[in-house]
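This report concerns only the one structure given below.
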Amino acid sequence: MALAGRTALRWGARLPSPCPTAGPLCRPAWLPAARCERHYSSRDEGKLDMSTYPVERIRNFSIIAHVDHGKSTLADRLLEITGTISKTDRNKQVLDKLQVERERGITVKAQSASLFYNHEGINYLLNLIDTPGHVDFSYEVSRSLSACQGVILVVDANEGIQAQTVANFYLAFEAQLSIIPVINKIDLKNADPERVEKQIEKLFDIPRDECIRISAKQGTNVEKVLQKVIEKIPPPQCSAADPLKALVFDSTFDHYRGVIANIALFGGEIAKGQKIVSAHTKKRYEVNEVGILTPNEQPTHKLYAGQVGYVIAGMKEVTEAQIGDTLFLHKQPVEPLPGFKSAKPMVFAGMYPIDQTEYNNLKSALERLTLNDSSVTVHRDSSLALGAGWRLGFLGLLHMEVFNQRLEQEYNMSVILTAPTVPYKAVLSSAKLIKEYGKDQITIINPAQFPDKLSVSEYLEPTVLGTIVTPHEYIGKIITLCQDRRAVQKEMLYIDENRVMLKYLFPLNEIVVDFYDALKSLSSGYASFDYEDAGYQSADLIKMDILVNGNPVEELATIIHKEKAYAAGKLLCERLKETIPRQLFEIAIQAAIGKKIIARETLKAYRKNVVAKCYGGDITRRMKLLKRQAEGKRLMRKIGNVEVPRDAFIRVLKRETDK
1 MALAGRTALR WGARLPSPCP TAGPLCRPAW LPAARCERHY SSRDEGKLDM
51 STYPVERIRN FSIIAHVDHG KSTLADRLLE ITGTISKTDR NKQVLDKLQV
101 ERERGITVKA QSASLFYNHE GINYLLNLID TPGHVDFSYE VSRSLSACQG
151 VILVVDANEG IQAQTVANFY LAFEAQLSII PVINKIDLKN ADPERVEKQI
201 EKLFDIPRDE CIRISAKQGT NVEKVLQKVI EKIPPPQCSA ADPLKALVFD
251 STFDHYRGVI ANIALFGGEI AKGQKIVSAH TKKRYEVNEV GILTPNEQPT
301 HKLYAGQVGY VIAGMKEVTE AQIGDTLFLH KQPVEPLPGF KSAKPMVFAG
351 MYPIDQTEYN NLKSALERLT LNDSSVTVHR DSSLALGAGW RLGFLGLLHM
401 EVFNQRLEQE YNMSVILTAP TVPYKAVLSS AKLIKEYGKD QITIINPAQF
451 PDKLSVSEYL EPTVLGTIVT PHEYIGKIIT LCQDRRAVQK EMLYIDENRV
501 MLKYLFPLNE IVVDFYDALK SLSSGYASFD YEDAGYQSAD LIKMDILVNG
551 NPVEELATII HKEKAYAAGK LLCERLKETI PRQLFEIAIQ AAIGKKIIAR
601 ETLKAYRKNV VAKCYGGDIT RRMKLLKRQA EGKRLMRKIG NVEVPRDAFI
651 RVLKRETDK
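Position one of the sequence shown corresponds to residue 1 (UniProt numbering), numbered consecutively onward.
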């Protein structure tokens, strides 16, 4: 027996994987523990047979919650209970595979896993998607919900309902999904599940008796959640008899196998060797491998309607796997699925390679990373000071930081990221400009494109509807903060006797950099913040130029509200004074709106002590020498050209929230 085992290994035979639901129901005593006839076909022992899970035995669901309410911990326990992963103390954030996720302790990418669960003697296939909780990644949540029929809404028993809990609930409610409320962290000393149940009933109109009290960390009552998923969430509405229709809801790039597309089947079946066509590119591919994620890739013979898995079909270019695309069989065309509403960037920043020789490498890294994170928009851009680069659009500031960190960690790319800006609009009144642009309203991403006030009837700035949930003792400070940021109060609601929900209409430019930090410090970390797009409103916007020695520096021009111009101009001049090296002549650093100078800093010249050789004598001798030096400095200033060094640009353009 030992010899046979060694021979098998020597000749590279593939050993069977453990059965996902191995147990007394699955395995007769005479079968080896590693193999179960119900789930594995004798033809290919390493592959699962998914035909044993018809549509009525499938449940697709997501876990949604506010940041740090225990989504990933609950996912770990569900994976352990169903036997998908072995039970060890090291199981922490198993589905958070990215280095940035483990370092920051947050979920950035939605991750899926297939679980096998036996309920009342029937085997079910549960497809779980763990989603991010931060407002910047709400696009990931909305995409994940399109592949689900229900959600588990997790609320912290200590913190209660937070801003992102409300936002995620309405995402699921609008998608008409079944919602299972779960109150987590009941093992904490300060947990108050009864108060949270009242909040859920008041805000979401869900009866208290439907809430499940659990502790994901200790595993208390987690089995009840699985039972509720099977009872309450409906199976997908589709049939294996229909022609193949698969939605690509996520994709990653592998250097050896090309694009790996995550798909949800809305009809038909897909198997190795089939010819499939992309509705977006119209290109034809041959399927090399299909399988499910458990959470690692597990090849299967076929995937059937209602199931969620992955497909590798020889897509070598990153542009070929568009998220939201529909795949169908060659010669069996179908009506493409509606796909996803494209993400709307809220923050723009310039990205440039530190060394221009790295431009092509950075371009390749950006293409591969945007395949995995489709919410980032990319436009080519160039700067006199920083060279060729891109203007990237992000969903928020954390999204921007995480994207930059992933570039460094996954692709070893160091980049210069400029200060974040927001997209403004201008309604044109000049017939010449309307003819040039072909429309009467233009979007301004770069300050260099800002049109003159004489040719514009009005400027528009983006606004967001912000939701703040806070303990009532901090209301005064928070209202003052919001008023300083030009916000307009829309609603104020007491969730219970201690917590208040405030709704404000904010100009996006006022919250994009440091509002969240200021809110957290004012409320000792207790307030939570979430926002959604609220369109554009008219605003008194101006373009502020920075002049160095009388010459405008294009890269430092900014679009700003008239009220905030003086403070911002003074700060920028002070920062430039610290970074520009001194010259032999005096340099004036000025902030200007049109022809009007609003702030100035003077960089003093290096000066030789020309009177050092005078030991006394007449004062006129000293004055003559000083006058001649002053004339020389004046002449030098006229012909002198100040080059702002590259590292000075980098220091000034980088976001500095501490100032």
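Heads up, the beta-carbon is just placed ideally off N, CA and C, and yes, glycines get one too.
Along the chain, where does the beta strand (DSSP E) that runs through residue i open and close?
| i | result |
| --- | --- |
| residue 426 | 424-428 |
| residue 259 | 258-265 |
| residue 515 | First-last for residue 515: 515-522, but that is the alpha helix (DSSP H), not the beta strand (DSSP E). |
| residue 360 | Residue 360 -> not in any beta strand (DSSP E); alpha helix (DSSP H) instead, spanning 359-372. |
| residue 559 | 558-561 |
| residue 351 | 347-353 |
| residue 600 | 596-603 |
| residue 226 | Run containing residue 226: none in the beta strand (DSSP E); it sits in the alpha helix (DSSP H), 222-232. |
| residue 457 | 456-471 |
Counting only the same chain and skipping the five closest in sequence on each side, list residues whose C-beta sits under 7 Å from that of residue i.
| i | result |
| --- | --- |
| residue 376 | 370, 392, 393, 394 and 403 |
| residue 448 | 554 and 557 |
| residue 488 | 504 and 505 |
| residue 456 | 426, 427, 428 and 429 |
| residue 24 | Low confidence applies here, because residue 24 scores a pLDDT of 40, under 50, leaving its location unreliable; read the following figure in that light. So no residue of the chain qualifies. |
| residue 445 | 348, 391 and 423 |
| residue 414 | 354 and 408 |
Assuming residue i is part of the alpha helix (DSSP H), what are its boundary residues?
| i | result |
| --- | --- |
| residue 195 | 193-204 |
| residue 590 | Premise fails: residue 590 lies in the beta strand (DSSP E), 587-593, not in any alpha helix (DSSP H). |
| residue 576 | 565-579 |
| residue 173 | 163-174 |
| residue 712 | Here the chain covers residues 1 to 659 and nothing more, so residue 712 does not appear. |
| residue 143 | 138-145 |
| residue 399 | 397-411 |
| residue 72 | 71-81 |
| residue 509 | 508-511 |
| residue 431 | 431-437 |
Go through its chain and collect everything with a Cβ distance to residue i's Cβ below 6 Å, but skip five positions before and after it.
| i | result |
| --- | --- |
| residue 30 | Confidence is the limiting factor: at residue 30 the pLDDT is only 36, short of 50, which leaves the residue's position unreliable, though a coordinate-based value still follows. So the list is empty, once near-sequence residues are dropped. |
| residue 611 | 622 and 625 |
| residue 240 | 269, 304 and 305 |
| residue 568 | 560 |
| residue 41 | For residue 41, the predicted model reports a pLDDT of 40, less than 50, meaning its position is unreliable; a value from the coordinates is still stated below. Closer than 6 Å at Cβ, skipping near neighbours: 49. |
| residue 570 | 599 |
Please confirm whether residue i and residue j have their CB atoms less than 7 Å apart.
| i | j | result |
| --- | --- | --- |
| residue 196 | residue 160 | yes |
| residue 222 | residue 77 | yes |
| residue 115 | residue 142 | no |
| residue 258 | residue 316 | yes |
| residue 57 | residue 229 | no |
| residue 245 | residue 154 | no |
| residue 518 | residue 295 | no |
| residue 343 | residue 139 | yes |
| residue 232 | residue 152 | no |
Return the CA-CA distance between residue i and residue j, expressed in angstroms with no decimal places.
| i | j | result |
| --- | --- | --- |
| residue 199 | residue 496 | 7 Å |
| residue 362 | residue 346 | 23 Å |
| residue 432 | residue 597 | 30 Å |
| residue 374 | residue 418 | 21 Å |
| residue 54 | residue 238 | 10 Å |
| residue 84 | residue 129 | 14 Å |
| residue 276 | residue 261 | 13 Å |
| residue 441 | residue 387 | 29 Å |
| residue 134 | residue 183 | 19 Å |
| residue 50 | residue 304 | 7 Å |
| residue 35 | residue 162 | Its pLDDT being 38, under 50, residue 35 is placed unreliably in this model, and the coordinates cannot settle the point. |
| residue 28 | residue 186 | Here the model assigns residue 28 a pLDDT of 41, short of 50, so the residue's position is not dependable, and the following value carries that caveat. Distance between the alpha carbons of residue 28 and residue 186 is about 40 Å. |
| residue 236 | residue 52 | 16 Å |
| residue 630 | residue 522 | 52 Å |
| residue 477 | residue 498 | 16 Å |
| residue 599 | residue 434 | 34 Å |
| residue 562 | residue 540 | 6 Å |
| residue 265 | residue 383 | 46 Å |
| residue 165 | residue 322 | 29 Å |
| residue 552 | residue 493 | 49 Å |
| residue 302 | residue 132 | 30 Å |
Tell me which same chain residues have a C-beta within less than 8 Å of the C-beta of residue i, skipping the five on either side of it?
| i | result |
| --- | --- |
| residue 614 | 621, 622 and 625 |
| residue 485 | 506, 507, 510, 511 and 515 |
| residue 3 | For residue 3, the pLDDT reaches just 43, beneath the cut-off of 50, and the residue's location in the model is therefore unreliable, although a value from the coordinates is still provided. No residues qualify anywhere along the chain. |
| residue 320 | 259, 278, 281 and 283 |
- Message: I'd like to know if the stretch 310-317 and the stretch 246-266 are in contact, where contact means that at least 3 CB-CB pairs between them fall below 8 Å.
- Response: yes
- Query: Looking at C-beta atoms only, is the number of pairs between the stretch 542-550 and the stretch 575-594 that lie closer than 8 Å three or more?
  - Reply: yes
- Query: Touch check for the stretch 514-531 and the stretch 454-469: three-plus C-beta pairs under 8 Å?
  - Reply: yes
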